[in-house]
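What follows is a short report on a single structure.
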Amino acid sequence: MTSSNDPAFDIESFLKQLTPLPGVYRMLDSDEQVIYVGKAKNLKKRVTSYFNKSDLSIKTQVMVKQVCSIEFTVTNTETEALLLENNYIKQLRPRYNVLFRDDKTYPYIFLSGGDYPRLAYHRGAKKEKGEYFGPFPSSGAIRQSLSLLQKLFKVRQCEDSVFKNRSRPCLQYQIKRCTAPCVGYISKQDYDKDVELTRLFYQGKSEQVMQQLQQRMELASEQLEFEQAAEFRDQIINMRKVVEKQVISGANADVDIFSFAVKAGIACVVVVFIRQGKVLGSKQFFPKFSSINSESELVESFIVQFYLANREIPREVIVGHPDSDIELLSAAINEVADRRIRVTHKVRTNRADWLKLAESNCQQALSSRLSQKSAQSQKLLELQKSLKLKQRPAHMECFDISHTMGEGTVASCVVFKEGTPETSLYRRFNITKITPGDDYAAIEQAVSRRYARLLKEEKLLPQLVLIDGGKGQLKSAQRALDELGLKEIVCIGVAKGVERKLGMEQIFWPGESVAQVLPEHSMALHLIQHIRDEAHRFAIAGHRGRRGKARTKSWLEEIPGVGPKKRQALLKHFGGLQNIEAAALADIKKVDGINTHLAEKIYNYLHEN
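In UniProt numbering, the protein residues as written are 1 to 609.
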């Protein structure tokens, strides 16, 4: 089985508890950025395929290696998943998805006006008079729908210019996909009935369509028109095959739906967003539950804080917790919105379906989090056992150094709590006043600065510190800790070994000459690798930023009196630094905003330096 680049993400545990329901999955990288959004008829089967198949394309393999976590939203149907997938793609713009840039993302089915309306595929601005049904998730979905409608109701799809100039039926009539209104083979009254059935079908009123077809079949049978009755019968059979109840059809409702679940000390909140009667997506939250005395307080506190964060408040809020104080919540939300908002937990029909959808997503999200927490806890216990630590390393920090031939040296410090990264606590240190390329001095400076500050601010110290490096780096880090009086902190070095291969890492202990080697498939080793790799990534990113900033800084910035606007004027006038360096004094004086005194200063600086 292919594994994620993030050992903290236990893919096997995740896949075991993943639901087989339809939905949308979102793949995230180490920066917690969504890199791919996909839809699935069966989430478990589809997501598992990324990690079981050996015949994945090169691009897919590259993408899968970057996946550090996966989020998902359960939907009721695959069609709903398709629409939701596009909503996420438009919103998140993942780099591995095909990105749509304007309102042409969603195509529509267009039913024109006039005496004999036509059905057509439409994409773009809605300029023509008529009715627009959709949006649809893809062009293919529309073409399938149009093909189906041709078989069911036989409404014309030809252009008006063709319709007006026909003298005999076209091929569509011959294959029973049109009733040939162009040459009068169907009365306007009967054609209007077909148009009305089409309209009802796209409005989601499938039961009404079935009833009308049933009535027409019975009437034809009574009139002994058995061939026509058979056609209506076939229409009914085809309708039953394609009718799919859509939870997303809820008129023009704008609703936020909150679902809550608590288990094993973990609280999960899922918010499902409904706009214009369509499911736009869902968001998972895991608020800290320790300070909340009851689930009702969790509900009330979370919802009020949610809307205090300047979020859009819809006309209706559904709270999936019957014990919560609805009156109190309603008063608070109305106060924040400064208008009347309907807040309720009693719902029926489509709103009940939406609430079930939110509850399903909430249970799935909580199960996933509990599974991940269990896997992380197991890794920490194994790490404690493997390293023979006195206490469980719930708080770990790792340092790494990055530079290019001594240029732009940056040290990183990443923080892991309970086996997972706490990115908000990450820190970088610009290393100065050392011999360029001296990694030992850089590590010592970074460790000293980090823990001197934590001591000053009286913050919690880690149980375990990892240094990306061998004996020399470890010795420097330990010296910094000793000088601060922090001998109780366990500090180890993590080196890649002689062959520098993944899985062959060596663990160095202060004062020990022989390195410790953990088994290649050890969960403890995987956790160490994850922390080390995260520190490495964070250090490289910081170094590249510092180096790039230094290299793009021009000598113009060093001249007193030449600010951003004058630098821009010089570059615009001459077209680049080389032309400025070659310019005569008279040419510099011609630049807008550069007086004679400043021109002389610039000219003299160029020739003196």
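We put the beta carbon where it would ideally sit given N, CA and C, even for glycine. Only a predicted model underlies this, so the values are computations on that prediction, with no experimental measurement involved.
Using the DSSP secondary-structure output, state which residues sit across from residue i in a beta bridge.
i: Asp-400; result: Ser-412
i: Arg-428; result: Ser-412
i: Leu-28; result: Val-34 and Ser-69
i: Thr-420; result: Lys-417
i: Gln-284; result: Val-270
i: Val-255; result: Ile-274 and Glu-316
i: Leu-111; result: Leu-119 and Glu-131
i: Ala-261; result: Cys-268
i: Glu-407; result: Thr-404
i: Ser-279; result: Sequence check: residue 279 is Val here, not Ser. For Val-279, which the question treats as bridged, DSSP gives the partners Ile-274.
i: Val-74; result: Gly-23
i: Lys-39; result: Val-24
Among residues of its own chain, excluding the 5 on either side of residue i, which ones have a beta-carbon nearer than 6 Å to its beta-carbon?
i: Gln-150; result: Arg-177
i: Pro-117; result: Leu-111 and Val-195
i: Val-304; result: Ala-332
i: Ser-282; result: Thr-73, Val-270, Val-272 and Asn-361
i: Val-319; result: Phe-258 and His-345
i: Glu-78; result: Pro-22 and Lys-41
i: Ile-96; result: The sequence given here places Tyr at residue 96; Ile does not occur at that position. Once the five neighbours on either side are set aside, the close Cβ partners of Tyr-96 are Ile-35, Tyr-36 and Met-63.
i: Phe-302; result: Val-269 and Pro-287
i: Gly-437; result: Gly-406
i: Gln-516; result: Ile-507
Tell me the residue span of the beta strand (DSSP E) that contains residue i.
i: His-122; result: 119-122
i: Ser-296; result: It is not in any beta strand (DSSP E) - Ser-296 instead sits in the alpha helix (DSSP H) that spans 295-308.
Can residue i and residue j be called in contact, C-beta distance under 9 Å?
i: Arg-143; j: Glu-71; result: no
i: Ala-267; j: Pro-287; result: yes
i: Phe-538; j: Asp-439; result: no
i: Tyr-447; j: Ala-480; result: The sequence given here places Val at residue 447; Tyr does not occur at that position. Cβ distance < 9 Å, so Val-447 and Ala-480 count as in contact.
i: Asp-357; j: Asn-76; result: Reading off the sequence shown, one finds Leu at residue 357, where the question assumed Asp. A contact, by the Cβ cut-off of 9 Å.
i: Ser-402; j: Ser-412; result: yes
i: Met-523; j: Gln-378; result: yes
i: Ala-230; j: Arg-315; result: no
i: Gln-208; j: Leu-219; result: no
i: Arg-340; j: Val-317; result: no
i: Ile-531; j: Phe-416; result: yes
i: Thr-19; j: Leu-43; result: yes
i: residue 624; j: Gly-130; result: Outside the shown range of the chain (1 to 609) lies residue 624, about which nothing can therefore be said.
i: Ala-477; j: Ile-434; result: no
i: Leu-486; j: Leu-455; result: yes
i: Asp-468; j: Ala-541; result: no
i: Leu-119; j: Val-155; result: yes
Along the chain, where does the alpha helix (DSSP H) containing residue i start, and where does it finish?
i: Lys-127; result: From DSSP, Lys-127 is part of no alpha helix (DSSP H); its letter is neither H nor E.
i: Lys-601; result: 596-608
i: Arg-46; result: 43-52
i: Ser-13; result: 11-17
For residue i, I'd like the list of residues in its chain whose CB is within less than 7 Å of its CB, leaving aside the five on either flank, ordered along the chain.
i: Asn-430; result: Val-410 and Arg-546
i: Lys-16; result: none
i: Asp-102; result: Residue placement at Asp-102 cannot be trusted, given a pLDDT of 36 that sits under 50; what the coordinates show is reported in the next sentence. Nothing listed; no residue qualifies.
i: Leu-460; result: His-395
i: Glu-300; result: Ser-324, Asp-325, Leu-328 and Leu-329
i: Gln-363; result: Ala-261
i: Lys-589; result: Thr-596 and Ala-599
i: residue 610; result: Only positions 1 to 609 of the chain appear in the structure, and residue 610 is not among them; the question remains open.
i: Ile-292; result: Bear in mind that the predicted position of Ile-292 carries a pLDDT of just 40, short of 50, making it unreliable; the figure below should be weighed with that in mind. The residues are Leu-298 and Ser-301.
i: Leu-366; result: Ala-261, Lys-263, Ile-266 and Cys-268
Measuring only between beta-carbons, confirm whether residue i sits less than 9 Å from chain D.
i: Gly-493; result: Chain labels in this structure do not include chain D; a single protein chain is all it has.
Quick one: residues in its chain with C-beta nearer than 8 Å to the C-beta of residue i, no 5 flanking neighbours on either side, listed in chain order?
i: Val-183; result: Arg-166, Ser-167, Arg-168 and Pro-169
i: Leu-518; result: Ser-386, Glu-505, Ile-507, Ala-524, Leu-525 and Ile-528
(message) To test your reading of the DSSP string, which unbroken alpha helix (DSSP H) runs of 4 or more residues are found completely within the segment 311-398?
(response) Complete alpha helix (DSSP H) runs here, min 4: 326-337 and 349-387.
(message) Just to confirm the assignment: which complete beta strand (DSSP E) runs, minimum length 3, are found wholly within the segment 444-518?
(response) As for any beta strand (DSSP E) of minimum length 3 sitting wholly inside the segment 444-518, the runs are 464-468, 490-495 and 506-508, ordered along the chain.
(request) List in chain order: all unbroken alpha helix (DSSP H) runs of 4+ residues lying wholly within the segment 157-225. (result) The qualifying runs are 160-164, 171-174, 188-202 and 206-222.
(request) Run through the segment 528-585 for me and flag every whole alpha helix (DSSP H) of 4 or more residues, listed as ranges in chain order. (result) Correct list: 564-574 and 577-581.
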